[in-house]
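Undergrad: Right, I'll just put the structure down here and ask away after.
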Amino acid sequence: MGCFRKPQAGITPASGYGPGSLKRSGCTKPCPKMLLGKLRKASEGRGRMSGGDMAKPLLGHRSVEGDPTAPAAGRTIGVLGSGDFARSLAIRLVCSGFKVVVGSRNPKRKAGLFPSAAEVTFQAEAVKKTDVIFVAVFREHYSTLCDLADVLVGKILVDVSNNTEINHHKESNAEYLASLFPACTVVKGFNVVSAWTLQSGARDGNKQVLICSNNQEAKRTVAEIAQVMGFTPVDMGCMSSACEIENIPLRLLPAWKIPIFLSLGLFLCFFTYNLVRQVIHPYIREQKNKFYKIPIEVVNTTLPCVAYVMLSLVYLPGVLAACLQLYYGTKYRRFPDWLDQWLQHRKQIGLLSFFCAALHAVYSLCLPMRRSHRYQLIETAVKQAVEKKMNIWVEEEVWRMEIYISVGIIALGLLSLLAITSLPSIANSLNWREFSFIQSTLGFVALLISTLHTLTYGWSRAFDENQYKFYLPPTYTLTLLVPCTVILAKVVFSLPCIHHRLVRIRRGWEKGRYVKFVLPSTTGEYSSGETSSHV
């Protein structure tokens with residue numbers, strides 16, 4: 001499989017929620033589900049933003065009213081609130097062709113903050129003019145809207161709020177709003193979209209809008225509004241899903257926790273190992289103080305080890321998955337949970353590998369800037385003058401360093417290409433064959449070149465007994481274990497007999513799943529052969 005797994009655009013219902021989180025909702029229809037292929041087109045008269053408009057910032061100096069290319073005015077949408085999100089929401093609605101009426105407790109003071117095309121009035125007046133109202137106020141201020149309960153009867157309230165902590169309340173904000181206004185239909189939505197995305201266009205942020213409600217018609221109405229605004233609505237099912245939707249913006253890099261802890265663990269292990277070899281050993285055996293090496297030299301020796309091992313860990317789960325498929329003779333048997341999680345984190349592991357490799361390059365460029373390096377150069381020059389050595393050229397070392405640096409630059413370039421193509425904006429512009437070639441083929445080439453880079457660094461040091469400090473082998477020999485295992489497995493899988501069987505399995509072949517019939521015998525009777533699989 002590829003080094004950096006092709007990312008999905010935004011958050012999908014299948015990957016953004018824990019198992020069983022929506023089963024407790026009591027929905028009779030399967031949830032979550034995608035609305036992209038089921039939503040109706042916006043009614044005639046509603047303006048639909050073109051692709052070029054979505055690429056342009058909406059906060060320009062031009063007037064929306066005076067622009068002849070602006071979408072035609074559609075239905076009236078209400079917005080309760082005058083904060084940053086309410087203003088961004090009003091701007092997006094106006095530029096999408098809707099009539100917007102904003103309800104505020106101080107309309108005269110807040111009118112200048114909204115576009116001129118939006119009507120800013122008192123909350124009671126705004127509610128009377130529309131059937132769809134975005135509630136852009138904090139949860140603790142919901143009670144201030146209770147005076148509007150009579151005029152809100154039968155209205156659709158779109159709750160866009162978020163909490164400050166995960167599961168901060170027993171019930172979600174949307175459910176709390178629904179309890180305050182039982183005569184209204186509450187829809188949860190737009191809370192995963194930032195104010196910047198509303199102002200700058202959906203191309204500069206997540207295009208998905210997660211929606212949930214107990215009323216299908218209300219969800220369809222809000223989904224149509226989201227489509228006209230240039231977003232992709234995703235039906236998350238019943239109102240009980242609102243708690244999960246509200247927790248999404250509060251999660252800090254949920255897919256990165258395991259890869260980050262893995263990289264930190266590898267860094268600490270290799271750092272401790274290098275510290276013992278480069279600092280502790282000379283201090284104990286030779287009474288030399290080399291603790292000055294810790295900030296740069298020891299770190300710079302550790303970073304490539306982490307980057308190299310992390311890169312091999314991107315491909316190792318694919319090797320294990322192929323072994324399981326060959327062993328069971330099918331691709332339909334579920335992988336163990338730990339392997340499934342490993343496969344899903346390959347993109348993050350690969351990006352962290354590139355990050356460590358980039359830091360290693362920067363640290364390496366800074367090595368000659370150290371004062372200790374300058375002192376060592378002067379000391380070496382003085383020793384050569386005292387010993388009257390005129391020629392210190394070592395041809396083997398010169399070639400080794402030239403090859404080492406050149407191969408390292410190529411490896412870093414390939415890792416950069418893999419990292420760039422893992423970005424959603426780049427990955428979405430590639431077809432699957434192009435993406436697979438870059439991530440899988442070029443990614444494996446990057447692993448091979450990184451191995452060559454490591455071998456040229458070590459050269460013959462593995463056979464020098466002076467390199468074994470406290471009987472510990474050089475660090476680079478340890479890093480070669482996992483990558484060489486992956487490379488050897490890839491070579492074995494490329495053998496025709498194994499490659500052909502693996503391709504058949506991945507195309508649906510299973511052993512022992514059908515009866516193979518042979519041609520009729522001379523007696524005219526058909527005979528059945530052994531049970532085997534078929535593509």
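Residue numbers for the sequence shown follow the UniProt record's numbering, beginning at 1 and rising by one.
Glycine included, C-beta positions come from ideal geometry on N, C-alpha and C.
What number of angstroms, rounded off, separates the C-alpha of Met369 from the C-alpha of Tyr363?
TA: Numbered from 1 along the sequence shown, position 369 holds the residue referred to as residue 369. Numbered from 1 along the sequence shown, position 363 holds the residue referred to as residue 363. Cα to Cα, Met369 sits roughly 10 Å from Tyr363.
Undergrad: Please classify Pro13: is it buried, with 16 or more other beta-carbons within 10 angstroms of its beta-carbon, or exposed?
TA: Numbered from 1 along the sequence shown, position 13 holds the residue referred to as residue 13. Per-residue confidence for Pro13 stands at a pLDDT of 36, beneath the threshold of 50, marking its modelled position as unreliable; the derived number appears in the next sentence. So Pro13 ends up on the buried side.
Undergrad: Is it the case that the Cβ atoms of Val132 and Ile225 are separated by a distance below 8 Å?
TA: On the sequence shown, position 132 is the one that residue 132 refers to. On the sequence shown, position 225 is the one that residue 225 refers to. Closer than 8 Å, so yes.
Undergrad: Check for me: the beta strand (DSSP E) holding residue 545 runs from which residue to which?
TA: Any question about residue 545 goes unanswered here, given that the chain covers just 1 to 535.
Undergrad: Give the straight-line distance between the Cα atoms of Thr232 and Ile211, rounded to the nearest whole angstrom.
TA: By 1-based counting over the sequence shown, the position of residue 232 is 232. By 1-based counting over the sequence shown, the position of residue 211 is 211. Each residue's alpha carbon lies about 10 Å from the other.
Undergrad: Taking the alpha-carbon of Leu418 as reference, which of Glu387, Gln376, Leu262, Lys347 has the nearest alpha-carbon?
TA: Here the question's residue 418 lines up with position 418 in the sequence shown. Here the closest residue by C-alpha is Lys347.
Undergrad: Look up Cys95 in the DSSP assignment and say whether it is helix, strand or coil.
TA: The sequence position of residue 95 within the sequence shown is 95, counting from 1. Looking at Cys95 - three-state DSSP - the assignment turns out to be helix.
Undergrad: For a test of the three-state rule: what should DSSP assign to Ile211, helix, strand or coil?
TA: For this step, residue 211 is matched to residue 211 along the sequence shown. Of the three classes helix, strand and coil, the one that applies to Ile211 here is strand, per DSSP.
Undergrad: Is it the case that the Cβ atoms of Val101 and Gly78 are separated by a distance below 8 Å?
TA: Counting from one through the sequence shown, the residue named residue 101 turns up at place 101. Counting from one through the sequence shown, the residue named residue 78 turns up at place 78. Taking 8 Å as the Cβ cut-off, Val101 and Gly78 qualify as a contacting pair.
Undergrad: Helix, strand or coil: how does DSSP classify Thr485 here?
TA: Taking the first residue of the sequence shown as 1, we reach residue 485 at position 485. Of the three classes helix, strand and coil, the one that applies to Thr485 here is helix, per DSSP.
Undergrad: Go ahead and label Gly189 buried or exposed: buried means 16 or more other beta carbons lie within 10 angstroms of its beta carbon, across all protein chains shown.
TA: Here the question's residue 189 lines up with position 189 in the sequence shown. When all chains shown are included, Gly189 counts as buried.
Undergrad: Can you tell me whether DSSP reads Phe114 as helix, strand or coil?
TA: In the sequence shown, counting from the first residue as 1, residue 114 sits at position 114. It is coil, neither helix nor strand.
Undergrad: Expressed to the nearest angstrom, what Euclidean distance is found between the alpha-carbon atoms of Trp342 and Val319?
TA: The residue labelled residue 342 in the question sits at position 342 within the sequence shown. The residue labelled residue 319 in the question sits at position 319 within the sequence shown. So the two alpha carbons sit approximately 12 Å from each other.
Undergrad: Could you tell me which residues DSSP puts in a beta bridge with Ser104?
TA: Here residue 104 corresponds to residue number 104 of the sequence shown, with the count starting at 1. In the DSSP output, where bridge partners are listed per residue, Ser104 has Phe122.
Undergrad: Is the number of C-beta pairs between the region 176-194 and the region 150-161 that are closer than 8 Å three or more?
TA: In short, these stretches touch, since the Cβ pair count reaches three.
Undergrad: Please name the residue or residues paired with Leu80 in a DSSP beta bridge.
TA: Position 80 of the sequence shown holds residue 80. Leu80 pairs with Gly103, Val135.
Undergrad: Quick check on Asp235: buried or exposed, where buried means 16 or more other Cβ atoms within 10 Å of its Cβ?
TA: To locate residue 235, count along the sequence shown from 1; it is residue 235. Answer is buried; the Cβ neighbour count reaches 16.
Undergrad: Please specify which runs of the alpha helix (DSSP H), each continuous and at least 4 residues long, are wholly inside the region 210-246, giving them in chain order.
TA: Fully enclosed alpha helix (DSSP H) runs of 4 or longer: 216-228.
Undergrad: When the distance is taken between beta carbons, is Ser82 closer than 8 Å to Lys110?
TA: Taking the first residue of the sequence shown as position 1, residue 110 is located at position 110. Taking the first residue of the sequence shown as position 1, residue 82 is located at position 82. Yes; because the gap between Cβ atoms is below 8 Å, this pair is in contact.
Undergrad: Compute the distance between the beta-carbons of Leu275 and Ile294, then report whether it is under 8 Å.
TA: Here residue 275 is taken as the residue at index 275 of the sequence shown, counted from 1. Here residue 294 is taken as the residue at index 294 of the sequence shown, counted from 1. Yes, the Cβ-Cβ distance between Leu275 and Ile294 is below 8 Å.
Undergrad: Quick one: is Ser213 buried, meaning 16 or more other Cβ sit within 10 Å of its Cβ, or exposed?
TA: Along the sequence shown, read from residue 1 onward, the residue named residue 213 stands at position 213. That one is buried.
Undergrad: Mind checking which residues open and close the alpha helix (DSSP H) that includes Val314?
TA: Along the sequence shown, read from residue 1 onward, the residue named residue 314 stands at position 314. It spans 299-328 - the alpha helix (DSSP H) in which Val314 sits, taken as one unbroken run.
Undergrad: Tell me Ile156's beta-bridge partners as DSSP assigns them.
TA: Walking along the sequence shown from the start, residue 156 turns up at place 156. DSSP lists Val132, Thr185 as partners of Ile156.
Undergrad: Could you work out which residue in Gln216, Glu171, Leu311 is closest to Thr185 when comparing CA atoms only?
TA: Within the sequence shown, numbered from 1, the residue matching residue 185 stands at position 185. The residue with the shortest Cα to Cα distance from Thr185 is Gln216.
Undergrad: I'd like to check one pair, Gly458 with residue 551: are the Cβ atoms closer than 8 Å?
TA: Shown here, the chain extends from 1 to 535; a query on residue 551 therefore has no answer.
Undergrad: Smallest Cα separation from Arg277: which of Arg501, Pro474, Cys323?
TA: Along the sequence shown, one-based indexing puts residue 277 at 277. Considering only alpha carbons, the answer is Pro474.
Undergrad: Determine the direct distance from the alpha carbon of Thr479 to that of Cys305, and round the result to whole angstroms.
TA: Residue 305 sits at position 305 when you count from the first residue of the sequence shown. Residue 479 sits at position 479 when you count from the first residue of the sequence shown. Going from the Cα of Cys305 to the Cα of Thr479 covers about 6 Å.
Undergrad: Pairs of beta-carbons, one from the region 458-467 and one from the region 321-330, closer than 8 Å: are there three or more?
TA: As far as the Cβ criterion goes, the region 458-467 does not touch the region 321-330, which means the pair count is below three.
Undergrad: One question on the structure: do Leu80 and Val135 come within less than 8 Å of each other, judged by their Cβ atoms?
TA: What you label residue 80 is simply residue 80 of the sequence shown in a count that begins at 1. What you label residue 135 is simply residue 135 of the sequence shown in a count that begins at 1. Result yes, Cβ atoms of Leu80 and Val135 sit closer than 8 Å.
Undergrad: Within 10 angstroms of the Cβ of Gly37, are there 16 or more other Cβ atoms? Answer buried if so, exposed if not.
TA: Numbered from its first residue, the sequence shown carries residue 37 at position 37. A caution first: Gly37 carries a pLDDT of 38, below 50, which makes its placement in the model too unreliable to give a value.
Undergrad: Could you check if Ile349 is buried or exposed, using at least 16 other CB atoms within 10 Å of its CB as the buried criterion?
TA: As a position in the sequence shown, residue 349 is number 349, starting the count at 1. When all chains shown are included, Ile349 counts as buried.
Undergrad: What residue from Arg251, Ile403, Arg285, Val192 has the CA that sits closest to Ile166's CA?
TA: In the sequence shown, counting from the first residue as 1, residue 166 sits at position 166. Checked all of Arg251, Ile403, Arg285, Val192; the closest Cα to Ile166 is Arg251.
Undergrad: Check the Cβ-Cβ distances between Asn247 and every residue of chain B, and say whether any is below 8 Å.
TA: Looking at the structure shown, chain B is missing, and only one protein chain is on hand.
Undergrad: According to DSSP, is Leu472 helix, strand or coil?
TA: Counting from one through the sequence shown, the residue named residue 472 turns up at place 472. Three-state DSSP puts Leu472 in a strand.
Undergrad: Cα separation between Cys269 and His360?
TA: Mapped onto the sequence shown, residue 269 falls at position 269. Mapped onto the sequence shown, residue 360 falls at position 360. If you take the alpha carbons of Cys269 and His360, they lie about 17 Å apart.
Undergrad: For Arg374, count neighbouring C-beta atoms within 10 Å of its own C-beta (all shown protein chains included) and say buried if the count is 16 or more, exposed if not.
TA: For the purposes of this step, residue 374 is taken as the residue at position 374 of the sequence shown. Label assigned to Arg374: exposed.
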